[in-house]
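Okay, so here's the structure we're looking at.
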Amino acid sequence: MEENTKQGPTDKPQILTRPQRIKKIALLLSALIGFNLFVLGAFYYSFFNKNQAASLNSPISNSISPAPFPFQEITIPYLRSRDYKSQLGELAEVSKNSNYTSFLTNYISDGNKINGFLTIPAGGKPENGWPAIVFVHGYIPPKNYQTLVNYSSYVDYLAKNGFVIFKIDLRGHGQSEGEPGGGYYSGDYIVDTLNAKAALQNANFVNPDKIGLWGHSMAGNVVSRALAASPNIPAVAIWAGAVYTYEDLAEFGIDDNSYQPPPSESPSRKKRNELVERYGQFDPNSSFWKQVPITNYLSGIKGAISLNHALDDPVVSIEFSRNLNSLLDKTSIHHELNEYPTGGHNFSGAAFNQAMQKTVEFFNKYLK
C-alpha cells in the first residue's frame, strides 16, 4: 500500500511508529554521509591532479640519494660518491743517489695510518711539479710484508725515470694500521689507493693532475676499480692482473701457493662470510653484484690502461688480461696489451726490463 505523504489544512499530523522513525533517521544519516564523501572526493581529486601536474613539470631534486644498503662500500657507485682527503706525514730520509732521494712516510686513510716508501727525483722540480705514480703491491701475506724489501727493484726502475713513486703498504700490511680486507670483495684497498693519490695531490712537489697508478696481481683489481671510482686518473699500468669481470675468476681461477686465508675469527673473514650469506657468490644478473666490477663502468673512464702479462704466468692466467683487453677494444679507452713469452708471475729475467721499459714509455706518454 502506497504511503500517503500529503497533508491538507484540516488533516491530522501523521504519527510514525518507532520502526518507521528509526528507518527515517537512518535514511537521513546515509544521505548526509554520502554528501560529505562526495565533497571530500571532489576536493581530493582536484588537489591530486593539481599536484601531479606540478610534479611532472618539476625535476627530481639532486639531493635525493639511494638508501644505504649492506656492503655498499664495495660498489663502484659508492666509491665514486665518497671523498678522498689526506696528506703526507713527515718525510724520513732513507737513501739518496744521483737519480732520486727516498723516504719513509705515511698518510691517513679511513682513520688508519698507512705507511709508504716515497721517492723524489733529483734535479730541478718542473714548474707544475713532478708526475707521480701510486704503486700498489700484490698479494703478500700481511705479516710477511716488508716496506723496504718487497718490490724494491720495481720502484727503483720507475724512480730513475723522473717520477715520484709512492709505494703504499696497504692497511694491515707491515706496520700499517687497520685490518687487511682483501682485494676482490672489499673496497678498503681502493680507498687506501685513492687517499694516497689525494695525499700526493697535496704535496708541493707533485703535479696534482699527473698522478697515475701501478698495480701487480691482486692490485690489478684494486687499481682498475680505483680508476672506475675516479675516472679522470690519467694512466693505470697493470702487471699480471686478475679479476676484472668477476666471472673471469670462476673461469680462469688463481693458483697462488703463497695465499694464506685469514683466520676464521678475523673481521675480514667474518665480513666476507656475511657478504656471501646476504648476496650469494658473484652473479652477473644480481643488482648488487653488477655494481662491483670495473667492466660495468667502462663508459665513464677517461684514463689510459696498460696491461702486461707473461704467457708462462703460473699464478694468474694471461686470459684475465686478454679478456679485459677484448672488452676495452669495444670502447674509446686508450689501452694496450703487452705479452711476454717468459717471466712468470713476477716478470723475472729479460721480461722484467722489457715490461719496465714498456711501462715507462706508457707513463711518459700519459703523465708527462
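The sequence shown begins at 8 in this note's numbering and counts up by one.
Just so it is clear, CB atoms sit at the ideal spot from N, CA and C, and this is done for glycine as well.
How far does the alpha helix (DSSP H) with residue 236 in it reach, from first residue to last?
The residue labelled residue 236 in the question sits at position 229 within the sequence shown. First-last of the alpha helix (DSSP H) with residue 236: 225–236.
Using 10 angstroms around the beta-carbon of residue 190, count the other beta-carbons present and answer buried if the total reaches 16, otherwise exposed.
Your numbering for residue 190 matches position 183 in the sequence shown. Residue 190 should be labelled buried.
Assess, as a yes-or-no matter, whether the region 223–237 is touched by the region 187–207 under the definition of 3 or more beta carbon pairs within less than 8 angstroms.
yes
Which of helix, strand or coil DSSP assigns to residue 3:
Because the chain spans 8 through 375 in this model, residue 3 falls outside it and cannot be assessed.
For the putative contact between residue 152 and residue 185, defined by C-beta atoms under 8 angstroms, what is the C-beta separation to the nearest angstrom?
Indexing the sequence shown from 1 puts residue 152 at position 145. Indexing the sequence shown from 1 puts residue 185 at position 178. With a Cβ gap of about 13 angstroms, residue 152 and residue 185 do not count as contacting.
How should residue 104 be labelled, buried or exposed, when 16 other C-beta atoms within 10 angstroms of its C-beta is the threshold for buried?
As a working mapping, residue 104 is identified with position 97 in the sequence shown. Flag for residue 104 reads exposed.
Assuming residue 194 contacts residue 80 (C-beta within less than 8 angstroms), just tell me the rounded distance between them.
As a first step, residue 194 is located in the sequence shown; it is residue number 187 there, counting from the start. As a first step, residue 80 is located in the sequence shown; it is residue number 73 there, counting from the start. The Cβ separation is near 5 angstroms, so the contact holds.
Check whether residue 206 and residue 93 have beta carbons under 8 angstroms apart
By 1-based counting over the sequence shown, the position of residue 206 is 199. By 1-based counting over the sequence shown, the position of residue 93 is 86. Their beta carbons are under 8 angstroms apart, which means residue 206 touches residue 93 by this criterion.
Anticipated Cβ contact below 8 angstroms, residue 243 with residue 310, distance rounded:
If you number the sequence shown from 1, residue 243 lands on position 236. If you number the sequence shown from 1, residue 310 lands on position 303. Indeed, because the Cβ distance is near 6 angstroms, the residues count as touching under 8 angstroms.
With distances taken between CB atoms, is the gap from residue 198 to residue 116 smaller than 8 angstroms?
What you label residue 198 is simply residue 191 of the sequence shown in a count that begins at 1. What you label residue 116 is simply residue 109 of the sequence shown in a count that begins at 1. Cβ distance < 8 angstroms, so residue 198 and residue 116 count as in contact.
Within 10 Å of its beta-carbon, does residue 283 have 16 or more other beta-carbons around it, so buried, or fewer, so exposed?
On the sequence shown, position 276 is the one that residue 283 refers to. So residue 283 ends up on the exposed side.
Closest by C-alpha distance to residue 304, when choosing among 340, 375 and 276:
Counting from one through the sequence shown, the residue named residue 304 turns up at place 297. Here the closest residue by C-alpha is 340.
Buried or exposed: which applies to residue 99, given that a residue is buried once 16 or more other Cβ atoms fall within 10 Å of its Cβ?
Position 92 of the sequence shown, counted from the first residue, corresponds to residue 99. Exposed: under 16 other Cβ atoms inside 10 Å.
At least 3 beta-carbon pairs within less than 8 angstroms: the region 310–323 vs the region 283–292:
no
For residue 257, count the other beta carbons within 10 Å of its own beta carbon; 16 or more makes it buried, fewer makes it exposed. Which is it?
Residue 257 sits at position 250 when you count from the first residue of the sequence shown. Exposed.
Could you please give the first and the last residue of the uninterrupted beta strand (DSSP E) stretch that includes residue 100?
On the sequence shown, residue 100 is found 93 positions in, with the first residue counted as 1. Residues 99–103.
If I'm right that residue 238 touches residue 171 with Cβ under 8 angstroms, what's the distance once you round it to whole angstroms?
Here residue 238 refers to the residue found at position 231 of the sequence shown. Here residue 171 refers to the residue found at position 164 of the sequence shown. Rounded, the Cβ-Cβ distance is 22 angstroms, inconsistent with contact.
Could you name the residues of the same chain whose beta carbon sits closer than 6 angstroms to that of residue 148, not counting the 5 residues immediately before and after it, in chain order?
Working through the sequence shown from its first residue, we reach residue 148 at position 141. Around residue 148: 267.
For residue 236, which option in 259, 308, 209 and 247 has the closest C-alpha, if you only look at C-alpha atoms?
The count along the sequence shown starts at 1 and reaches residue 236 at position 229. Checking every option, the nearest Cα to that of residue 236 belongs to 308.
Taking its Cβ as the centre, do 16 or more other Cβ atoms sit within 10 Å of residue 162, making it buried, or is it exposed?
Along the sequence shown, read from residue 1 onward, the residue named residue 162 stands at position 155. Residue 162 should be labelled buried.
If you drop the 5 nearest sequence neighbours on each side, which residues of the same chain put their C-beta closer than 6 angstroms to that of residue 373?
Your numbering for residue 373 matches position 366 in the sequence shown. Within the same chain, residue 373 has close Cβ partners 241, 242 and 311.
Taking only three categories from DSSP, how would you classify residue 88?
Within the sequence shown, residue 88 is the residue found at index 81, counting from 1. Residue 88 falls in the helix class under three-state DSSP.
With a 10 Å radius around its C-beta and 16 neighbouring C-beta atoms as the bar for buried, classify residue 113 as buried or exposed.
Here residue 113 corresponds to residue number 106 of the sequence shown, with the count starting at 1. Residue 113 should be labelled buried.
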